[in-house]
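First comes the structure, then the notes that go with it.
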Amino acid sequence: MGRRVTRGFRLSLFDCAVCLLAGCGLWASFPDLSIAIVMIPSAALMISRVDRVGAWRAALYMFLVGLAFWLPLIPWTAQATGGSVLPWIALSVVETLFFSLWGAIYSGLMRLSWARFTLGQVVVTAVSWVGVEQIRSHFPWSGFPWGNLAYPQVATPLGHLAPWGGEVLVSAAVIACAVCLRRAFDFTQRGGLHWYSRPLALVGAVAIFCAPIVLPLHSSQENGALTVAAIQGNIELPALETYAQPGKVTGNHARLTKDLAASKDHVDLVIWGESSTDRDPLYNRLVSGLIGSAAQDVQAPILVGITRVQDDRRYNYMGVWYPGSGLSESYYGKQIPVPFGEYIPARSIISRLATEAAQVDIDLEAVDNSSRFDVTVQDGRVVPLAMGICFEVAYEDLLGEGVASGGQIIVIPSNNYHFGLSAEGSQQTQIARFRAIEFSRSTVQASTTGNSIIVRPDGSVVAQSGRMQSAILTAEVPLRSSLTWAARIAPYSAKISWASTGILLVLLCMQTIRRSQGKRRS
């Protein structure tokens, strides 16, 4: 008896070590390491620990996987909160609980009679994973889409699936590959129903991974081209002191825009980052003068980031400053403020978790507007943009609405000074690349401090900046108007994944009831 307990304890320790290794492998596939190829083997290791254990053990094992993944993925949350580790740990644990939830659900679903076959396990694992992944991407509050297994696939053949089904399809393909790989190297008695089961599973993994390479990624012009410039003016730290100086942040961006004008390079549209004006140009002559002078020199409209307080409510807007006529009457307003970053849910209770951006008396309010935003360039063309501010790049349905309603290029103004030199900037540009592929649109992310990036519709990077530095990125990029399948189904893809997971759970309940009734009869 003692030997059995000791052996079981050792096996549990081994399983725990494998779970930690799997979580670290998943993390390594994201920036800054960006070793995308390790994701599938790591997911296979993860699945191998939870597909034949009970719900509680599966939840525990997935908790270890989650901690090993989330803690190294988002340490920048501590940096954004002035060095406090509490928000970093709290957010990591909350996201890890979703991993545990999936482990418990998956353990139950593996009791489905047809899940013991390779194809059955592929379906059960992929569907349940993306279902829970989409739940955590939308809840609580606005959710946290960071860490989606689809994003690193911009560097693998699986990225070619993005235009056909977005992040849901790509994540499902990652998990399908992982299940096949897990079955291919399962040498237990239950691992192969036939002698050819394991070789066939390996062939399946290779086929799923490699086959999407034949799907084309388009990058041709459909509506002409647009020469864009992303201005990364930089913000000297500590940022709050810099913002306290009227015209300082605006001046940094205006100076680079004037440098661009002096180069005599023609541009159609200049893009500044989120909150790139330190005072509202509608009410501040110094700031409006800096922007107006820069626009006059460059002879192109400038997309500028404005923080505006109206009726004791704070909003983040992007507006267009036109040479000669000034600030446009129309704006794009941020639709999804970041919980604890830009507003504090239950402020009186948990304000300690908020970033310095939220340590103000007025929370940032969501703006109810379309993600499509039109800009008129100097040659008279009206160019529809699909717009999202900063973290909104991670919300597929938001940008999908902008593309589906006519957006011909994706624009992501961002303000990343909170995160300094951390990996957050690269993780965000990875998501921007995924959106470019998914919606077949050129994508420009203009950050105040980095990373800024210009991407073609096929995901290829035209130009990219570093972090916490000044930079000017310019490129001529194609405009496109055709809709990918991902753009068409973006409003529904998460709901489809939830419904599919729900159907699996209903099937499990029906099977359990039938077996229970059969036992009573016998």
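Residues in the sequence shown are numbered from 23 upward in steps of one, following the working numbering.
Cβ atoms here follow ideal geometry from the backbone N, Cα and C, with glycine treated the same way.
Small disclaimer: the values here were computed from a predicted structure and weren't measured.
A distance of 8 Å or more separates the beta carbons of Pro-234 and Glu-460.
Under the three-pair Cβ rule at 8 Å, the segment 166 to 183 does not count as touching the segment 395 to 403. DSSP places Phe-456 in no beta strand (DSSP E) but in the uninterrupted alpha helix (DSSP H) bounded by 446 to 461. Exclusion of the five residues before and after Leu-89 leaves Thr-118 as the residues of its chain whose Cβ lies within less than 6 Å of its Cβ. The beta-carbon distance between Val-176 and Phe-413, rounded to whole angstroms, is 18 Å. This is too long to meet the 8 Å contact definition. According to DSSP, residue pairing for Ala-485 in a beta bridge involves Ile-476.
Counting along the chain, Gly-355 sits inside the beta strand (DSSP E) bounded by residues 348 to 355.
According to DSSP, Tyr-339 shares a beta bridge with Ile-328, Gly-355. Counting only runs that start and end inside the segment 49 to 76, the alpha helix (DSSP H) elements of at least 4 residues fall at 61 to 72. A buried status is given to Met-132, since no fewer than 16 other beta-carbon atoms sit within 10 Å of its beta-carbon.
The distance from the Cβ of Gln-267 to that of Ser-492 is about 17 Å, inconsistent with a contact at the 8 Å cut-off. Out of Gly-295, Arg-277, Gly-355, the CA that lies nearest to the CA of Gly-314 is found in Arg-277. Per DSSP, Asp-319 lies in no beta strand (DSSP E) segment; the continuous alpha helix (DSSP H) that holds it begins and ends at 307 to 320. In this model, Lys-356 and Arg-220 are separated by some 50 Å (Cα to Cα). Contact between Ser-297 and Thr-470 holds, with the beta-carbon distance rounding to 7 Å and staying under 8 Å.
DSSP places Arg-502 outside both helix and strand once states are collapsed to three, so it counts as coil. Here DSSP, grouped into helix, strand and coil, assigns Pro-361 to strand. For the alpha helix (DSSP H) assignment, the uninterrupted runs of no fewer than 4 residues enclosed by the segment 115 to 166 are, from N- to C-terminal side, 140 to 160.
Proximity to Leu-530 across Ile-127, Ile-328, Leu-86, Val-87 peaks at Ile-127, based on C-alpha coordinates. Taken through DSSP and simplified to helix, strand or coil, Ala-172 comes out as coil. Sorting Thr-534, Ser-464, Gly-488 by C-alpha distance to the C-alpha of Leu-239 places Ser-464 at the top. For the segment 216 to 246, the full-length alpha helix (DSSP H) segments reaching 4 residues or more read 219 to 232 along the chain. For Thr-496, the beta-bridge partners assigned by DSSP are Ala-251. Taking the CA atoms as reference points, Val-415 sits about 28 Å from Val-320.
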